[in-house]
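Per our numbering, the very first residue in the sequence shown carries number 19; after that it's consecutive.
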Amino acid sequence: MAVSLKEVSFNYLNKTPFKKEVLKNINLDIMDNKITAIMGPNGSGKTTLVEILCGLMPPTEGTVTVDEHVMLANKKLRKSEQLHSNIGIVFQFPEEQFFEPTVYKEIAFGMKQFNYKTKNKKKRIIDSLLLVGLNIGYLYKNPFHLSNSEKRKVAIASILSYNPKIIILDEPTIGLDDKSKKMLMHLLIKLKENYGKTIIVISHDIDLIYRYADNIILMKDGHIVKEGNKYQVFDNVDYLKSIGIEVPRIVEFTELVSKEKGIKLGNYDDVKDLMKAVYRNVK
(Lines of atoms letter the chains of each structure in order from A and count residues from 1; the text may use other names and numbers.)
(Lines give C-alpha, C1' and ligand atoms only; values in the text may rest on other atoms or scores of the structure.)
Protein backbone atom coordinates (compact mmCIF):
# COMPACT_ATOMS: atom_id res chain seq x y z
CA MET A 1 0.00 0.00 0.00
CA ALA A 2 1.19 3.52 -0.80
CA VAL A 3 -0.60 4.99 2.24
CA SER A 4 -2.00 3.41 5.38
CA LEU A 5 -3.84 5.04 8.29
CA LYS A 6 -4.61 3.15 11.48
CA GLU A 7 -7.09 4.54 14.04
CA VAL A 8 -6.25 8.12 13.02
CA SER A 9 -8.06 10.99 14.71
CA PHE A 10 -7.32 14.71 14.68
CA ASN A 11 -8.52 17.53 16.92
CA TYR A 12 -7.89 21.23 16.54
CA LEU A 13 -7.04 22.98 19.82
CA ASN A 14 -6.76 19.61 21.52
CA LYS A 15 -6.76 19.61 25.33
CA THR A 16 -8.42 23.05 25.44
CA PRO A 17 -12.06 24.09 26.05
CA PHE A 18 -12.21 24.93 22.32
CA LYS A 19 -11.31 21.44 21.13
CA LYS A 20 -12.82 20.55 17.75
CA GLU A 21 -12.85 16.96 16.50
CA VAL A 22 -12.16 16.87 12.75
CA LEU A 23 -11.16 13.26 12.00
CA LYS A 24 -12.49 10.28 13.94
CA ASN A 25 -10.90 6.80 13.97
CA ILE A 26 -9.88 6.72 10.32
CA ASN A 27 -8.68 3.34 9.03
CA LEU A 28 -7.66 3.52 5.41
CA ASP A 29 -5.37 1.94 2.82
CA ILE A 30 -4.64 3.76 -0.44
CA MET A 31 -3.31 1.51 -3.18
CA ASP A 32 -0.17 2.05 -5.23
CA ASN A 33 -0.40 3.06 -8.89
CA LYS A 34 -4.07 4.09 -8.74
CA ILE A 35 -6.03 7.32 -8.95
CA THR A 36 -7.86 7.62 -5.65
CA ALA A 37 -10.37 10.43 -5.07
CA ILE A 38 -11.29 11.76 -1.63
CA MET A 39 -14.77 13.30 -1.80
CA GLY A 40 -17.46 14.62 0.49
CA PRO A 41 -19.26 17.79 1.63
CA ASN A 42 -17.42 20.87 2.91
CA GLY A 43 -16.24 20.30 6.47
CA SER A 44 -16.03 16.53 6.08
CA GLY A 45 -12.30 16.43 6.90
CA LYS A 46 -10.83 15.92 3.42
CA THR A 47 -8.24 18.69 3.55
CA THR A 48 -7.19 17.87 7.10
CA LEU A 49 -6.66 14.25 6.09
CA VAL A 50 -4.38 15.29 3.23
CA GLU A 51 -2.43 17.72 5.43
CA ILE A 52 -1.69 14.81 7.75
CA LEU A 53 -0.65 12.59 4.83
CA CYS A 54 1.78 15.29 3.69
CA GLY A 55 3.34 15.63 7.12
CA LEU A 56 2.14 19.19 7.58
CA MET A 57 0.84 18.12 11.00
CA PRO A 58 0.76 14.89 13.03
CA PRO A 59 -2.45 13.06 13.95
CA THR A 60 -3.82 13.50 17.46
CA GLU A 61 -4.22 9.72 17.66
CA GLY A 62 -3.18 6.79 15.50
CA THR A 63 -0.43 6.01 13.02
CA VAL A 64 0.13 7.16 9.43
CA THR A 65 2.43 5.28 7.05
CA VAL A 66 3.31 6.89 3.72
CA ASP A 67 5.64 4.85 1.50
CA GLU A 68 7.14 3.16 4.60
CA HIS A 69 7.56 6.54 6.31
CA VAL A 70 5.81 6.29 9.71
CA MET A 71 4.22 9.23 11.52
CA LEU A 72 3.07 8.73 15.10
CA ALA A 73 0.36 10.59 17.02
CA ASN A 74 1.33 13.87 18.69
CA LYS A 75 4.92 13.53 17.53
CA LYS A 76 6.59 16.85 16.77
CA LEU A 77 7.70 16.64 13.15
CA ARG A 78 11.24 17.37 12.09
CA LYS A 79 11.72 19.38 8.91
CA SER A 80 12.90 16.22 7.11
CA GLU A 81 9.57 14.55 7.92
CA GLN A 82 7.43 17.33 6.44
CA LEU A 83 6.49 17.02 2.78
CA HIS A 84 9.24 14.46 2.22
CA SER A 85 10.42 13.85 -1.33
CA ASN A 86 8.21 10.83 -1.96
CA ILE A 87 5.14 13.08 -1.85
CA GLY A 88 4.30 16.05 -4.06
CA ILE A 89 1.25 18.23 -3.43
CA VAL A 90 -0.51 20.68 -5.76
CA PHE A 91 -2.59 23.07 -3.69
CA GLN A 92 -6.06 24.32 -4.62
CA PHE A 93 -4.67 27.66 -5.81
CA PRO A 94 -1.25 26.99 -7.42
CA GLU A 95 -0.15 30.63 -7.28
CA GLU A 96 -0.11 30.32 -3.48
CA GLN A 97 2.81 27.91 -3.74
CA PHE A 98 4.82 29.93 -6.27
CA PHE A 99 7.90 31.80 -5.03
CA GLU A 100 9.97 32.68 -8.07
CA PRO A 101 9.59 35.19 -10.95
CA THR A 102 10.10 32.64 -13.76
CA VAL A 103 8.87 29.14 -14.46
CA TYR A 104 12.46 27.92 -14.68
CA LYS A 105 13.37 29.22 -11.22
CA GLU A 106 10.07 27.97 -9.79
CA ILE A 107 10.72 24.40 -10.87
CA ALA A 108 14.39 24.64 -9.84
CA PHE A 109 13.24 25.78 -6.37
CA GLY A 110 11.33 22.54 -5.85
CA MET A 111 14.33 20.45 -6.88
CA LYS A 112 16.55 22.35 -4.44
CA GLN A 113 13.98 22.14 -1.64
CA PHE A 114 13.96 18.35 -1.84
CA ASN A 115 17.67 18.04 -2.56
CA TYR A 116 17.11 16.37 -5.93
CA LYS A 117 20.47 15.80 -7.63
CA THR A 118 20.91 15.67 -11.40
CA LYS A 119 23.82 16.31 -13.77
CA ASN A 120 21.68 18.42 -16.10
CA LYS A 121 19.19 20.54 -14.14
CA LYS A 122 17.91 22.47 -17.14
CA LYS A 123 17.15 19.27 -19.08
CA ARG A 124 15.26 17.93 -16.07
CA ILE A 125 13.20 21.12 -15.88
CA ILE A 126 12.44 21.06 -19.61
CA ASP A 127 11.48 17.38 -19.46
CA SER A 128 9.07 18.13 -16.60
CA LEU A 129 7.48 20.94 -18.59
CA LEU A 130 7.10 18.83 -21.71
CA LEU A 131 5.53 16.04 -19.68
CA VAL A 132 2.68 18.33 -18.60
CA GLY A 133 2.21 19.71 -22.10
CA LEU A 134 4.11 23.01 -21.85
CA ASN A 135 6.90 23.83 -24.30
CA ILE A 136 10.30 25.42 -23.59
CA GLY A 137 8.85 28.83 -24.41
CA TYR A 138 7.40 28.82 -20.88
CA LEU A 139 10.81 28.58 -19.17
CA TYR A 140 11.24 32.29 -18.58
CA LYS A 141 7.61 33.34 -18.32
CA ASN A 142 6.29 34.71 -15.04
CA PRO A 143 4.19 31.90 -13.47
CA PHE A 144 1.88 34.47 -11.84
CA HIS A 145 0.85 35.73 -15.30
CA LEU A 146 -0.21 32.37 -16.71
CA SER A 147 -3.77 31.06 -17.11
CA ASN A 148 -5.31 28.89 -14.39
CA SER A 149 -4.68 25.77 -16.46
CA GLU A 150 -1.06 26.73 -17.14
CA LYS A 151 -0.45 27.52 -13.46
CA ARG A 152 -1.77 24.09 -12.53
CA LYS A 153 0.57 22.48 -15.08
CA VAL A 154 3.59 24.43 -13.79
CA ALA A 155 2.76 23.34 -10.24
CA ILE A 156 2.62 19.71 -11.37
CA ALA A 157 5.86 20.11 -13.36
CA SER A 158 7.53 21.50 -10.22
CA ILE A 159 6.59 18.30 -8.42
CA LEU A 160 7.55 15.96 -11.24
CA SER A 161 11.03 17.49 -11.38
CA TYR A 162 12.01 15.74 -8.14
CA ASN A 163 10.16 12.53 -9.05
CA PRO A 164 7.90 11.74 -6.05
CA LYS A 165 6.07 8.42 -5.93
CA ILE A 166 2.83 9.97 -4.66
CA ILE A 167 1.13 13.07 -6.09
CA ILE A 168 -1.69 14.78 -4.18
CA LEU A 169 -3.93 17.40 -5.81
CA ASP A 170 -6.36 19.56 -3.84
CA GLU A 171 -9.36 20.58 -5.99
CA PRO A 172 -7.30 20.53 -9.22
CA THR A 173 -10.20 21.34 -11.56
CA ILE A 174 -11.36 24.57 -9.88
CA GLY A 175 -11.30 27.48 -12.33
CA LEU A 176 -10.73 25.27 -15.38
CA ASP A 177 -12.98 24.97 -18.42
CA ASP A 178 -14.19 21.53 -19.55
CA LYS A 179 -11.40 21.09 -22.08
CA SER A 180 -8.70 21.93 -19.53
CA LYS A 181 -10.31 19.61 -16.96
CA LYS A 182 -10.18 16.66 -19.36
CA MET A 183 -6.59 17.46 -20.36
CA LEU A 184 -5.59 17.52 -16.69
CA MET A 185 -7.28 14.18 -15.97
CA HIS A 186 -5.64 12.60 -19.04
CA LEU A 187 -2.29 13.85 -17.69
CA LEU A 188 -2.97 12.13 -14.36
CA ILE A 189 -3.82 8.89 -16.16
CA LYS A 190 -0.57 9.19 -18.11
CA LEU A 191 1.41 9.67 -14.89
CA LYS A 192 -0.27 6.61 -13.41
CA GLU A 193 -0.02 4.29 -16.39
CA ASN A 194 3.31 5.33 -17.91
CA TYR A 195 5.27 6.41 -14.84
CA GLY A 196 3.76 4.33 -12.03
CA LYS A 197 2.61 7.28 -9.93
CA THR A 198 0.06 7.02 -7.15
CA ILE A 199 -2.43 9.88 -7.49
CA ILE A 200 -4.65 11.21 -4.70
CA VAL A 201 -7.24 13.83 -5.65
CA ILE A 202 -9.50 15.90 -3.38
CA SER A 203 -12.45 17.15 -5.39
CA HIS A 204 -16.10 18.19 -5.44
CA ASP A 205 -16.27 17.58 -9.20
CA ILE A 206 -18.16 14.32 -8.77
CA ASP A 207 -19.06 13.63 -12.41
CA LEU A 208 -15.56 14.24 -13.78
CA ILE A 209 -13.78 12.37 -11.00
CA TYR A 210 -16.11 9.39 -11.31
CA ARG A 211 -15.15 9.18 -14.97
CA TYR A 212 -11.41 8.93 -14.31
CA ALA A 213 -10.78 7.67 -10.76
CA ASP A 214 -10.06 4.04 -9.91
CA ASN A 215 -11.07 4.20 -6.26
CA ILE A 216 -13.12 6.66 -4.24
CA ILE A 217 -13.19 7.54 -0.54
CA LEU A 218 -16.39 9.25 0.63
CA MET A 219 -16.17 11.33 3.82
CA LYS A 220 -18.74 13.04 6.01
CA ASP A 221 -18.34 14.68 9.43
CA GLY A 222 -14.81 13.36 9.91
CA HIS A 223 -15.73 9.75 9.12
CA ILE A 224 -15.19 7.56 6.08
CA VAL A 225 -18.69 6.71 4.88
CA LYS A 226 -17.61 4.36 2.11
CA GLU A 227 -14.44 3.45 0.21
CA GLY A 228 -13.22 1.14 -2.52
CA ASN A 229 -13.75 0.58 -6.21
CA LYS A 230 -15.84 3.45 -7.59
CA TYR A 231 -18.61 1.13 -8.78
CA GLN A 232 -18.87 -0.45 -5.34
CA VAL A 233 -18.85 2.91 -3.57
CA PHE A 234 -21.93 4.10 -5.48
CA ASP A 235 -23.87 0.83 -5.41
CA ASN A 236 -26.47 2.16 -2.94
CA VAL A 237 -27.71 5.51 -4.26
CA ASP A 238 -30.63 5.83 -1.81
CA TYR A 239 -28.37 5.40 1.21
CA LEU A 240 -25.80 7.93 0.00
CA LYS A 241 -28.48 10.51 -0.78
CA SER A 242 -30.06 9.95 2.63
CA ILE A 243 -26.83 11.06 4.33
CA GLY A 244 -26.27 14.01 2.00
CA ILE A 245 -23.62 12.54 -0.32
CA GLU A 246 -23.75 13.69 -3.93
CA VAL A 247 -24.06 10.94 -6.55
CA PRO A 248 -22.71 11.08 -10.15
CA ARG A 249 -25.41 11.82 -12.71
CA ILE A 250 -24.52 8.75 -14.75
CA VAL A 251 -25.12 6.58 -11.67
CA GLU A 252 -28.41 8.34 -10.95
CA PHE A 253 -29.54 7.64 -14.50
CA THR A 254 -28.75 3.91 -14.41
CA GLU A 255 -30.45 3.65 -11.01
CA LEU A 256 -33.56 5.41 -12.35
CA VAL A 257 -33.74 3.09 -15.37
CA SER A 258 -33.44 0.11 -13.04
CA LYS A 259 -36.26 1.33 -10.78
CA GLU A 260 -38.64 2.64 -13.44
CA LYS A 261 -38.07 0.13 -16.24
CA GLY A 262 -36.57 -2.86 -14.47
CA ILE A 263 -33.55 -2.74 -16.82
CA LYS A 264 -30.10 -3.38 -15.34
CA LEU A 265 -27.72 -1.42 -17.56
CA GLY A 266 -24.62 -2.24 -15.51
CA ASN A 267 -21.76 0.03 -14.44
CA TYR A 268 -20.52 2.78 -16.75
CA ASP A 269 -18.36 5.85 -16.29
CA ASP A 270 -18.46 7.05 -19.91
CA VAL A 271 -21.66 8.53 -21.37
CA LYS A 272 -20.97 7.12 -24.83
CA ASP A 273 -20.71 3.58 -23.45
CA LEU A 274 -23.88 4.13 -21.44
CA MET A 275 -25.81 5.28 -24.52
CA LYS A 276 -24.74 2.14 -26.39
CA ALA A 277 -26.14 0.09 -23.51
CA VAL A 278 -29.40 2.05 -23.63
CA TYR A 279 -29.76 1.43 -27.39
CA ARG A 280 -29.16 -2.29 -26.87
CA ASN A 281 -32.02 -2.40 -24.34
CA VAL A 282 -34.56 -0.36 -26.30
CA LYS A 283 -37.51 -2.59 -27.23
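Ideal placement from N, C-alpha and C gives every residue a C-beta, glycine not left out.
The model shown is predicted, which means the values in this text are computed figures rather than measured ones.
With contacts defined by Cβ atoms closer than 8 Å, G151 and M203 do not form a contacting pair. Contact between I185 and I217 holds, since their C-beta atoms are separated by about 5 Å, short of 8 Å.
For the pair E114 and V88, the Cα-to-Cα distance works out to about 28 Å. The beta-carbon distance between E25 and G80, rounded to whole angstroms, is 4 Å. This is short enough to meet the 8 Å contact definition. The three-state reading of DSSP puts A295 in helix, counting H, G and I together.
Only exposed fits E278, as fewer than 16 other CB atoms lie within 10 angstroms of its CB. Of the candidates I154, Y156, L147, L147 places its Cα closest to the Cα of L178. Under the 8 Å Cβ criterion, the region 29 to 47 does not count as touching the region 206 to 225, having fewer than three qualifying pairs. A residue is called buried once 16 or more other Cβ atoms fall within 10 Å of its Cβ, and S62 is buried on that count.
DSSP, reduced to helix, strand and coil, places K159 outside both helices and strands of the structure shown, so it counts as coil. For L236, the enclosing beta strand (DSSP E) covers residues 233 to 238. Under the Cβ criterion (8 Å, minimum of three pairs), the region 151 to 168 counts as touching the region 115 to 133.
Residue burial annotation: Y297 is exposed, with fewer than 16 other C-beta atoms found within 10 angstroms of its C-beta. I154 counts as exposed, since fewer than 16 other beta carbons sit within 10 angstroms of its beta carbon. With contacts defined by Cβ atoms closer than 8 Å, G262 and K244 do not form a contacting pair. Remark: C-beta atoms of S22 and K42 do not approach each other more closely than 8 Å.
In the three-state reduction of the DSSP assignment, K244 falls in the strand class, which pools E and B. According to DSSP, K24 shares a beta bridge with T81. Secondary structure remark: continuous alpha helix (DSSP H) runs of at least 4 residues inside the region 111 to 155, in chain order: 121 to 131, 139 to 149.
The region 155 to 200 contains, as complete alpha helix (DSSP H) runs of 4+ residues, the segments 166 to 178 (chain order).
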